[in-house]
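If you read the sequence shown in full-length UniProt numbering, its first letter stands for residue 1, the second for the next number, and so on. A virtual CB, placed ideally from N, CA and C, is assigned to each residue, including glycine. To start, the structure under review is shown below, and the notes come after it.
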Amino acid sequence: GLGKVYVGARAEGFYGLGYTEGSAEARPTFDQNGNVQGAEYRYRYFLSYAPFMEGTLGQGAAGQGYGLRADLGVAVDGGEWALGLGARNLLGFARWEGLEVAYDGTAETRTRTTKRSDLSAPEFLLNGAYRLPLEVGSLLLAADARFGSTAPAFHLGLEYSLGPWALRAGVGLEGGLGFGLGAGLNLEALALDLALTTHEAPLVGGTVYGVALGVNF
């Protein structure tokens, strides 16, 4: 048959006490001879806090903030294999009442406004695993993918198990290509895991090497 099917759902809401976001930039100004004579500044920020805080902060940014989100997941367990599909933020929104302040280099403006998020910006996760029994030990193949409202990512891994020992290898694509090797020892009262990884540095580029050691009792 198809195997065991599991379905799960989660809903959560929030009422926020405060929220802020902003941006700023500065650039030099030049005279007619091309010499730097100063700087020009621009900024913009949004501020929101609970009404009872207005007496203390006094910025005119009091307002309500609330939101709701829902997640859904389905998993199928076929014994030697398993598949799963999940959706984060399948339905969701956020709303903040507050004050937006902007400075364009000459004057500052202060405007009461309401910020709203998208009604739905879902992120989907797909994963699967298959265990292949061998004459000596077993081989586990696993893969997962993430796509939707975030940057796509993909991972593929292999694990060979022989008694308490395990050897692992994997490759991933998440902001760059990465590789990993690992080994583990799982005893009744102690578990040791060692991993060697490579990935691309997110800001400066280039390859970064890492070593991780985990101990569980």
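Exposure label - residue i; buried when at least 16 CB within 10 Å
i: Asp-104; result: exposed
i: Pro-133; result: exposed
i: Ala-166; result: buried
i: Pro-164; result: exposed
i: Gly-92; result: buried
i: Pro-122; result: buried
i: Arg-27; result: exposed
Cβ-Cβ separation, residue j to residue i (assumed contact under 8 Å), whole Å
i: Pro-9; j: Leu-72; result: Note on residue identity: the sequence assigns Ala, not Pro, to residue 9. Confirmed, Cβ separation roughly 5 Å.
i: Phe-162; j: Leu-181; result: In the sequence on display, residue 162 carries Leu and not Phe. Not quite, the Cβ-Cβ distance comes to about 16 Å (not below 8 Å), so this is no contact.
i: Tyr-49; j: Leu-17; result: 7 Å
i: Leu-126; j: Leu-85; result: 6 Å
i: Tyr-43; j: Gly-22; result: 7 Å
i: Arg-168; j: Gly-157; result: 7 Å
i: Ala-70; j: Leu-90; result: 5 Å
i: Ala-153; j: Glu-174; result: 4 Å
i: His-155; j: Gly-137; result: Going by Cβ atoms, the distance from His-155 to Gly-137 rounds to 22 Å, so no, they are not a contact pair.
From the options, residue whose alpha carbon lies closest to that of residue i
i: Gly-3; options: Asp-77, Ser-48 and Gly-178; result: Asp-77
i: Leu-47; options: Thr-113, Arg-27 and Glu-80; result: Thr-113
i: Tyr-160; options: Pro-152, Leu-91 and Leu-141; result: Leu-141
i: Ala-75; options: Tyr-6, Leu-177 and Gly-210; result: Tyr-6
i: Gly-210; options: Ala-183, Ala-189, Phe-179 and Gly-184; result: Phe-179
i: Gly-184; options: Gln-32, Thr-198, Asn-216 and Leu-90; result: Asn-216
i: Gly-128; options: Met-53, Glu-80 and Ala-191; result: Glu-80
Terminal residues of the alpha helix (DSSP H) in which residue i lies
i: Leu-57; result: 54 to 57
Terminal residues of the beta strand (DSSP E) in which residue i lies
i: Gly-13; result: 4 to 16
i: Leu-134; result: Per DSSP, Leu-134 belongs to no beta strand (DSSP E) and is neither H nor E.
i: Ala-62; result: It is not in any beta strand (DSSP E) - Ala-62 carries neither H nor E in the DSSP assignment.
i: Ser-161; result: 153 to 162
i: Asn-89; result: 81 to 103
i: Ser-48; result: 36 to 49
i: Phe-179; result: 177 to 186
Any non-hydrogen atom of the ligand MN closer than 7 Å to residue i Cβ
i: Leu-125; result: Ligands in the displayed structure: none, and consequently the ligand MN is not present.
At least three beta-carbon pairs within less than 8 Å, the stretch 92 to 99 to the stretch 56 to 73:
Taking a cut-off of 8 Å for Cβ pairs, the stretch 92 to 99 and the stretch 56 to 73 touch, as three or more such pairs fall below it.
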